[in-house]
Every structure is written in structure tokens, then in C-alpha cells.
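Which chain is which? The protein sequence lines are A and B, in order.
If you use the working numbering, the first sequence corresponds to residues 5 to 207, in order.
If you use the working numbering, the second sequence corresponds to residues 5 to 207, in order.
The beta-carbon is built from N, C-alpha and C at its ideal position, and this holds for glycine as well.
These notes are about the structure you will find just below.
Number of protein chains: 2
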Amino acid sequence: MVGMTSDRPLRADAARNRALLLAAAEREFAARGLDASVADIAARAGIGKGTVFRHFPTKDDLLSEVMLDRIGALTAAGERLTGSGDPGAALLEFLTLAADRQQNADMSVLQEAHAVNERLTEARGRMFTLIETLVTRARESGAIRADITGTDVVLLMCAPGHVAGFAPPGSSPDLWRRYLAIIFDGLRPAGASPLPVDPPRMS
Amino acid sequence: MVGMTSDRPLRADAARNRALLLAAAEREFAARGLDASVADIAARAGIGKGTVFRHFPTKDDLLSEVMLDRIGALTAAGERLTGSGDPGAALLEFLTLAADRQQNADMSVLQEAHAVNERLTEARGRMFTLIETLVTRARESGAIRADITGTDVVLLMCAPGHVAGFAPPGSSPDLWRRYLAIIFDGLRPAGASPLPVDPPRMS
DNA sequence: CCCTAAGCGGACCGGCCGGTCAACTTACTT
DNA sequence: AAGTAAGTTGACCGGCCGGTCCGCTTAGGG
Numbered sequence: 005m006v007g008m009t010s011d012r013p014l015r016a017d018a019a020r021n022r023a024l025l026l027a028a029a030e031r032e033f034a035a036r037g038l039d040a041s042v043a044d045i046a047a048r049a050g051i052g053k054g055t056v057f058r059h060f061p062t063k064d065d066l067l068s069e070v071m072l073d074r075i076g077a078l079t080a081a082g083e084r085l086t087g088s089g090d091p092g093a094a095l096l097e098f099l100t101l102a103a104d105r106q107q108n109a110d111m112s113v114l115q116e117a118h119a120v121n122e123r124l125t126e127a128r129g130r131m132f133t134l135i136e137t138l139v140t141r142a143r144e145s146g147a148i149r150a151d152i153t154g155t156d157v158v159l160l161m162c163a164p165g166h167v168a169g170f171a172p173p174g175s176s177p178d179l180w181r182r183y184l185a186i187i188f189d190g191l192r193p194a195g196a197s198p199l200p201v202d203p204p205r206m207s
Numbered sequence: 005m006v007g008m009t010s011d012r013p014l015r016a017d018a019a020r021n022r023a024l025l026l027a028a029a030e031r032e033f034a035a036r037g038l039d040a041s042v043a044d045i046a047a048r049a050g051i052g053k054g055t056v057f058r059h060f061p062t063k064d065d066l067l068s069e070v071m072l073d074r075i076g077a078l079t080a081a082g083e084r085l086t087g088s089g090d091p092g093a094a095l096l097e098f099l100t101l102a103a104d105r106q107q108n109a110d111m112s113v114l115q116e117a118h119a120v121n122e123r124l125t126e127a128r129g130r131m132f133t134l135i136e137t138l139v140t141r142a143r144e145s146g147a148i149r150a151d152i153t154g155t156d157v158v159l160l161m162c163a164p165g166h167v168a169g170f171a172p173p174g175s176s177p178d179l180w181r182r183y184l185a186i187i188f189d190g191l192r193p194a195g196a197s198p199l200p201v202d203p204p205r206m207s
């Protein structure tokens, strides 16, 4: 019996604290990346540090759970787009959703993938498959150039948020949209120059 | 008398150690970013940790010196390109040099600019001016679209290395060239879509 | 209402890291 | 060759962080 998670239902206060904790962790990781400390997360949630470790045996487990939520939501939204009549617009919409996450560049934490949590890698795989589908359709419809692969898009999807993160503090919180537009233009067939290196293969 | 650095010439062994230290720091920062520890840098250089702090009062000062070297070399190379007859190619060549730095994504450390070292901000400013020049000429020659500013390029210049850094371990060390080509295509006039947000203003 | 197990929390531990220091070594001067 | 200032070094310090633990609180069933 490996992997059984639900022994019994959570007590009411525990469930509330767990939700507070996850929300706080999401905000804290978004703001400070992997350097966010467990103590700070606990403080932001208004609970004790020990309680964090009661809910998640490890900081990495907490991070995994947060990422799982995000990836799940993004994948679900993306899957709803696969039926769109305009594959190019669908891919752009998906990338917009992916880069949005309140202009944080931390979704990239996903890609580092230190925690090899089983459920997380599975969710990752599901999202990669989705992206492959969106990219294939966009490619076949002529919306993006022929030599772009799903892996390319996986690697590029967090770049707008990351790039915009370097802007000086006063800048528009929507700046990532500017760089998404530029990068997506680079994926279009118009005026495409030949690409010098083969795309990587994802594990 | 503020800013006088050269009281007297360094002793021979001290000069040698300083060079070893800077080389080791460059490699270590490139490999592990800001998380590189002073002890590891010292070990890589084959010197004691105390010696590091004799040469640089602070880890940030050491980092600043390394960045200063890099920015200086890159700026010098870039200034040699401003005379080129093909402004578009000159900009692309500059971006290639910038992203190259052995495919490390850590040049971005520059942009975070925690250390407000006076010389470093000056070097930064000189490089920004250079980039502005290269971009203006490329824009006026029609090599890149009209709505791209120097600031855009400053923010985008490290993206290829950063993006390629997420690729699985076995990938080509030249993968950044692929993403530089894609992003640069996004800067070209052909098939450009209107940009949704104004560019930021650099301090 | 009361009992108990589930949940909570903060003091505590070991390890790491940036930075200091005083004892030791070594390159240059005369 | 000898003196000395410059340079080196590793033990050491304080602070932070992930993770543990045990005494306390409280939800919720009977």
C-alpha cells in the first residue's frame, strides 16, 4: 500500500491552516523564489513553524504541492484551449496564461525540478503533452514556423516573466506582455531565419 | 581623497593569488550563481578563505570585480562593432557575445545590481549607452522594428542563456544560439505585431 | 460536559555561510 | 644575511535555516 494519502478527514482547523499555508507559500515563493524561508512562510500564514512541517514533511514537499496546484490549473485551462478553431491564437493564449501568474518569474522553479515527487513529474508530463499538442496544431495551421518544437515552447514559456523581472521597480506590472509579444513574433513564420542548433529532447 | 585604490604595488605572490582568485570566482559564480560560497571559491583557487577577504572586504566586492571585468570586456568588444557597416549584424553579433559567456545564465546577476558599487554602476551605464547606440543604428537601418528600444535589448540580452539553462543536462552547450535566433527574429520588422505595453525606462 | 486524539507552536539542534583575527610565513629592502 | 612589513591561514564567531520534539490547546464524538 504505497501512496495512500487520505487516512482520515482533516480536522476543521487543520484544513483551514493548510489552506492558509498553501496560499502564503504561493505568495512567498512567488516573491522570493526558492530562497523563501519556511519561517517566513509560516509567519505570513499566521501559524507556527512546526505546523508547516506537520502538514508537509519537507520544504520541498510544500513547494511541490504549490507547483502541483499551479501546473494543474494551467494545464486544465490549456486543455480547454485545444478545441479552439484558431490554433495559433490558442497557443498564444496559453502562453499568456503561463506567463501571467502575476508577472512572477518563479514558475521557472518548475523547470529546475529538484523535487522528483512522483505526482509532480506526472503533472509535468501532462503539461508537456498538452504543450506538444498546442504546438503541433499551431505549426500545422501555419501560425508558427515549422522548425519549432514543443520543447522549445516549454523552455521559452517562462522567459517573458523572467525578462520583465529585471525591469526597474516602477515599471508596469504588465511588462511581460511586451516580451511575450516579441518572443511569440519570433515563433511566427514571417521572416524566420534558419535555427542554428537542434532542439533538445526532454526526459 | 576618495576612491584611491593603489597605495603601493602588490607583492608578487599576492598578485598571483589575486588573479587565481578572480578566475576561480568567475568560474564558480558562473556555475552556481550568487549561491557560490566564498569557501568554495577559495578552495577552487587553492588559497585560504581568509586571503579572499584580504583582497576583497566583502563577497559582494569580489562579485562586483568579476562583473566589472566581464562588463568591461563585453563593452569593449561591443564598441568595436559600432563602426560596422551592417548595424543589424553588429547588434546580433553583440548579442551573441553577450549570451555566449559559456552558456551561463549568470550574467543576469548584473541586472539585479544589488551591489551599488560606484565603478560597477558606471560600467553598467557605459554598456547601456553602447547598447542604445547599437539598437538605434539597427533600428534606423531597418534591421529591427521601429518600436524596440535599447532598454528592451538590455532586458532581453540574457534570455537566451537563461532559457537554454533549463534544458536537460545532455543538451548541446550551444543551445542558447537557437533561442537567440528565435528572439532576434522577434526583433525583426517582418511580421511584427504591435507591442501591448510601453518599454520601461532604465534608471 | 468531558475525554481523547488530532493539531499546534516555539524552543532547540546541527550545519552552512559571511566575516574576523591573531599567529605564522614569505617576499622584498638594505 | 637579517629585519620587517606584507601576506597567508584556518580556527572561530554570530546569524540564518531546515527540520525535530515535546508540552500545550482544542475540536468534536459519546
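With a 10 Å radius around its C-beta and 16 neighbouring C-beta atoms as the bar for buried, classify B/A102 as buried or exposed.
buried
List, in chain order, every chain B residue whose beta-carbon is nearer than 7 angstroms to that of A/S197.
Listed along the chain, the chain B residues whose CB falls inside 7 angstroms of the CB of A/S197 are A185 and D189.
Can you tell me whether DSSP reads A/L160 as helix, strand or coil?
helix
Who are the neighbours of B/L138 on chain A, taking C-beta pairs under 8 angstroms?
Within chain A, no residue comes near B/L138; the closest Cβ sits about 17 angstroms away, beyond 8 angstroms.
Could you check which residue in B/A16, B/N121 and B/L134 has the C-alpha nearest to that of B/L95?
B/L134
Run through DSSP, which three-state label would B/S68 get?
Secondary structure at B/S68: helix, using DSSP grouped into helix, strand and coil.
State the DSSP-derived secondary structure class of A/V120, mapped to helix, strand or coil.
It is coil, neither helix nor strand.
Extent of the continuous alpha helix (DSSP H) to which B/V201 belongs
From DSSP, B/V201 is part of no alpha helix (DSSP H); its letter is neither H nor E.
So with CB distances below 7 angstroms, who are the chain B contacts of A/A206?
Residue identity differs from the one stated: residue 206 of chain A is Met in this sequence, not Ala. Under the 7 angstroms cutoff, chain B gives P172.
For chain A, is any of its Cβ atoms less than 9 angstroms away from the one on B/D73?
no
Residues of chain A with CB closer than 9 angstroms to the CB of B/D218, please, in chain order.
Residue coverage of chain B in this structure runs from 5 to 207, which leaves residue 218 of chain B outside it and unanswerable.
Using a Cβ-Cβ cut-off of 9 angstroms, state whether B/D90 counts as contacting chain A.
no
Identify which residue in A/A77, A/R31, A/D44 and A/E136 has its Cα closest to the Cα of A/I152.
A/E136
Give a yes or no on whether the C-beta atoms belonging to B/R123 and B/S197 are separated by under 9 angstroms.
no
Classify B/A77 as helix, strand or coil using the three-state DSSP reduction.
Three-state result, B/A77: helix.
Please state if the CB of B/A142 and the CB of B/G92 are separated by a distance shorter than 9 angstroms.
yes
Just tell me which of A/I186, A/R192, A/A194 and A/L199 has its CA closest to the CA of B/L199.
Comparing Cα positions, the closest option is A/I186.
Run through DSSP, which three-state label would B/M206 get?
coil
Quick one: is A/V70 near chain B, going by C-beta distance under 9 angstroms?
no
If we count the other Cβ atoms within 10 Å of its Cβ and call it buried at 16 or more, is B/L14 buried or exposed?
exposed
Residues near A/M5 by beta carbon distance below 8 angstroms, same chain, minus five either side:
For A/M5, the predicted model reports a pLDDT of 42, less than 50, meaning its position is unreliable; a value from the coordinates is still stated below. Same-chain partners within the cutoff: there are none.
Quick check: is the beta carbon of B/L159 nearer than 9 angstroms to any beta carbon in chain A?
yes
Which whole runs of the alpha helix (DSSP H) in the segment 125-191 of chain A are 4 residues long or more, in chain order?
154-160, 163-168 and 179-191
Spatial neighbours of B/R205 within its chain, please: C-beta separation below 6 angstroms, excluding the five flanking residues on both sides.
In the same chain as B/R205, and ignoring 5 residues on each side of it, no C-beta atom comes closer than 6 angstroms to its own.
Thinking just about the alpha-carbon of each residue, which of A/G129, A/G195 and A/D64 is nearest to the one in A/S41?
A/D64
Please go through the same chain and pick out, in chain order, the residues whose beta-carbon is closer than 8 angstroms to the beta-carbon of A/V70, but skip the five residues on each side of it.
L26, A29, E30 and F33
Give the residues of chain A in contact with B/A194, contact being defined as C-beta atoms less than 7 angstroms apart.
A194 and G195
Please state whether DSSP places A/P61 in a helix, a strand or coil.
A/P61: coil per DSSP, three-state reduction.
Closest by CA to B/G52, which one among B/F188, B/R22 and B/D39?
The candidate whose alpha carbon is nearest that of B/G52 is B/R22.
Using a Cβ-Cβ cut-off of 6 angstroms (strictly less than) and excluding sequence neighbours within five positions of B/T79, which residues of its own chain qualify?
R130, M131 and L134
Helix, strand or coil: how does DSSP classify B/A109 here?
Confidence at B/A109 is low in this model, with a pLDDT of 45, below 50, so the placement of that residue is unreliable and no value is reported for it.
Straight-line Cα distance separating A/G146 from A/L191
11 angstroms
Quick one: is B/A18 buried, meaning 16 or more other Cβ sit within 10 Å of its Cβ, or exposed?
exposed
Reference A/P177, options B/P203, B/F170, B/G195 and B/S175, closest by Cα:
B/P203
Where does B/A43 sit, in a helix, a strand or coil, going by DSSP?
helix
Please state whether DSSP places B/A194 in a helix, a strand or coil.
coil
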